[in-house]
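Under our numbering, the residues of the sequence shown are numbered -12 to 51, in order.
Reviewing the structure listed below.
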Amino acid sequence: EGESGFIIPTGSLDSLKEKILFFYNNKNKIKEMGESAVKSAKLYTWENYYREVKNTIHAIADEL
-12 EGESGFIIPT
-2 GSLDSLKEKI
8 LFFYNNKNKI
18 KEMGESAVKS
28 AKLYTWENYY
38 REVKNTIHAI
48 ADEL
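Here it is as structure tokens:
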């Protein structure tokens, strides 16, 4: 929250307005947060997802 984007509750116009005004008053944050969001998104690859699922399955199997 606030590093690579914002979470806005569904239907919360006040929250949406607040975030729009935040970016209007902090234009430098648009690029900064956008770059951070891209870095975060790159962590969520199919390879990483597969590795996490595989490791979880192995950990569960080892406990049996």
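C-beta atoms are modelled at their ideal positions from N, C-alpha and C, and glycine is treated no differently.
- For Leu51, there is no enclosing alpha helix (DSSP H), since its DSSP letter is neither H nor E.
- Contact between Ser27 and Ser(-9) is confirmed by a C-beta separation of about 5 Å, below the 8 Å threshold.
- CA-CA distance, Ala24 to Gly(-2), rounds to 23 Å.
- Where Phe9 is concerned, the enclosing alpha helix (DSSP H) starts and stops at 0 to 12.
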